[in-house]
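All residue numbers for the sequence shown refer to my numbering, where the first residue is 13 and numbers rise by one.
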Amino acid sequence: MRPSPSRVAPGLPDFPFTVEALDGEARAGLLETPRGAVSTPCFMPVGTKGTVKGMAPDRLKALGAQVVLANTYHLAMRPGSETVQALGGLHRFMGWDRPILTDSGGFQVFSLQDTAQVRDDGVAFRSVYDGSPQLFTPERSMAEQRALGADIIMCFDECPPGGAPRDAVARAVERTRRWAAACAQQHARSGGEGTDGPQMLLGIVQGGVHADLRRESVEGLLALGFPGYAIGGLSVGEDREETFAVTAATAALLPADRVRYFMGIGDPRGLLRAIERGVDLFDCVLPTRTARMGTAFTSQGRLNLRNARHARSREPLDEDCDCPACRQFTRGAIRHFVQQGEILGLQLLTEHNLRFLFRMVRGAREAILAGRFAKFESGWDGAW
Ligand SMILES: [Zn+2]
């Protein structure tokens, strides 16, 4: 533990973050945003285009969602950040009065485009919506995120694909540092405010699976001074053991008093392993996307409802779950809805998968507070 708080660059809003308990490296914490406190560890569902598919905001709240993520790339293209701003900002737009996090657009720019050209000033690409030429720069990403008005926003970074050669990863680390400096400067210049209140800007660590490049990336960001840090560039196709070795090594370099966010992890075991290594925030489309493909997360592992053996099953999706799908419907009925493409089937499975993860992460938090996280985690052995 550091004796004094780590430094944040002047002009960057800093929401208080408290580590309430440590169990090994696992942390239970509290992030106090102007739109309410967030208990960590916290899994954030993804509302790519401004909605978590099929989930009305009050349903999300009832399930236990604390923060929702939205994608800057998609919203900047359709309907356009200025349109969202004209409609009252992202909270009003999404009908969500609790914290929202927007990504920088960087990940989509790199992952959705095979034509993206990375330049030192940004990334040139064609919109997936209409093929129009676009340029995302740190300045544009900040302007888009400012107009959208989320509470937590991200620096524009370069995320190289898994298996990228070392020199490409090294270049991405250097670009990411320079772009982070540009983002911090522009955000401070605009008073650290979006259209909808103060915005906490997080720096993103890159460096692939290379320990020395991760260190270099962390040091560059710490010299700038962010109120929180994200671990990016993982879950991009690297070996799973490497994912968690890099997570542990990177988390150990980050200041103990700042919130840590692993970008893009949402499988139950992966979440637990990242929590074990000292990460606080997570997001992923996995639970909601998996649901739309007809698969439920359960305490016994994955359950594929498309499998014919569930056709006459009177069991709930998961005996231990308290979600509406599990309280009111049999596996056989949900399977029928899914097979017929009924909207309700996809909604029920989405609600279930989110509830399942929220309860698991809440259980992890309680275990950390009670000093029994290792036991809690090993309780998932076999199923996941
Ligand atoms: Zn359920």
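Glycine is no exception: its CB is placed at the ideal position from the N, C-alpha and C atoms. Only a predicted model underlies this, so the values are computations on that prediction, with no experimental measurement involved.
When burial is assigned at 16 or more other CB atoms within 10 Å of the CB, is residue i buried or exposed?
{"i": "P150", "result": "buried"}
{"i": "R90", "result": "exposed"}
{"i": "T114", "result": "buried"}
{"i": "I355", "result": "exposed"}
{"i": "N83", "result": "buried"}
{"i": "D393", "result": "exposed"}
{"i": "N365", "result": "buried"}
{"i": "A74", "result": "exposed"}
{"i": "V157", "result": "According to the sequence as given, residue 157 is Gln; it is not Val. Buried, since its Cβ has 16 or more Cβ neighbours within 10 Å."}
{"i": "R14", "result": "For R14, the predicted model reports a pLDDT of 48, less than 50, meaning its position is unreliable; a value from the coordinates is still stated below. R14 is exposed by the Cβ-count criterion."}
{"i": "P239", "result": "buried"}
{"i": "D132", "result": "exposed"}
Verify the contact flag: residue i, CB atom, against every heavy atom of ligand 1, threshold strictly below 6 Å.
{"i": "C335", "result": "yes"}
{"i": "H199", "result": "no"}
{"i": "H348", "result": "no"}
{"i": "L329", "result": "yes"}
{"i": "H322", "result": "no"}
{"i": "H103", "result": "no"}
{"i": "H364", "result": "yes"}
{"i": "C338", "result": "yes"}
Are residue i and residue j touching if we call contact CB-CB under 7 Å?
{"i": "F168", "j": "S144", "result": "no"}
{"i": "R190", "j": "Y241", "result": "no"}
{"i": "V291", "j": "F274", "result": "yes"}
{"i": "A21", "j": "A196", "result": "yes"}
{"i": "F137", "j": "Q125", "result": "yes"}
{"i": "R289", "j": "A263", "result": "yes"}
{"i": "L160", "j": "V96", "result": "yes"}
{"i": "F55", "j": "F294", "result": "yes"}
{"i": "I112", "j": "D163", "result": "yes"}
{"i": "A40", "j": "E32", "result": "yes"}
{"i": "A200", "j": "L24", "result": "yes"}
{"i": "L298", "j": "D279", "result": "yes"}
{"i": "E250", "j": "G174", "result": "yes"}
{"i": "S18", "j": "P267", "result": "yes"}
Can you pull the DSSP bridge partners for residue i?
{"i": "P210", "result": "E205"}
{"i": "A242", "result": "I216 and Y273"}
{"i": "T30", "result": "L42"}
{"i": "D35", "result": "A38"}
{"i": "A308", "result": "L315"}
{"i": "V135", "result": "V130 and F148"}
{"i": "F55", "result": "F294"}
{"i": "T114", "result": "A82 and I165"}
Is residue i near ligand 3, in the sense that its beta carbon is under 6 Å from a heavy atom of that ligand?
{"i": "G306", "result": "Only ligand 1 can be found as ligands here, which leaves ligand 3 out of the picture."}
Taking CB distances under 7 Å as the criterion, tell me whether residue i reaches chain C.
{"i": "P69", "result": "Although the question refers to chain C, the structure presented lacks it and comprises just one protein chain."}
Is the number of C-beta pairs between the segment 300–307 and the segment 252–268 that are closer than 8 Å three or more? no
Any contact of the segment 315–331 with the segment 382–389, i.e. 3+ C-beta pairs under 8 Å? no
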